[in-house]
Amino acid sequence: QRLKYIFNWEAWILFVVSLLSAITAWWVCLVDYDGRYAASNFIEAFSSMMSLLFGLGITRIPKKKVVKCFLMIYIFYCIHMQTALTANIFTLLSVPRSEETIKTPEDLVNSKMPICAVE
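Sequential numbering of the sequence shown, starting at 85, is according to the numbering used here.
Below you can see the structure in the form of structure tokens.
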């Protein structure tokens, strides 16, 4: 419940779309040499992406150069996202706490926010 109020819906949609596209790209790179899209390859791609997303390692380094290149790009992306998260850049994507902006002291008094004054 609480997570849906942290980010805008657009941010959640972009996050899910980018994750699904990364899983699909990894899965396509793992296609067998005969061109089959095996379910085991999809499970491997999904588990690898989830492991990398949560900062864990993957079980084995892929042998194909395309997948190695994709892995390096994805790790680079994860490092940037982690840096953005710790640098608090995601506050730009967060939902505003109050619906009306407070610009004057009268707006503050008329708002339902608690006011603490120090003498």
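C-beta atoms are modelled at their ideal positions from N, C-alpha and C, and glycine is treated no differently.
Under the three-state reduction of DSSP, L140 is assigned to coil, being neither helix nor strand. The three-state secondary structure of E203, taken from DSSP, is coil.
Here the alpha carbon of W93 sits roughly 21 Å from the alpha carbon of T185. A direct Cα-Cα distance of roughly 16 Å separates V202 from P189. Take L192, set aside five residues on each side of it, and the residues of its chain with a beta-carbon closer than 7 Å to its own are I186 and I199, in chain order.
For I107, the enclosing alpha helix (DSSP H) covers residues W93 to C113. Here L114 is buried. Its C-beta has 16 or more other C-beta atoms within 10 Å. The Cβ atoms of I159 and M133 lie no closer than 8 Å to each other.
Nearest to H164 by C-alpha distance, out of L137, I97, S131 and W110, is L137. Judged by DSSP secondary structure, P189 falls within the alpha helix (DSSP H) whose first and last residues are P189 to N194.
DSSP places T167 within a helical segment (H, G or I) once states are collapsed to three.
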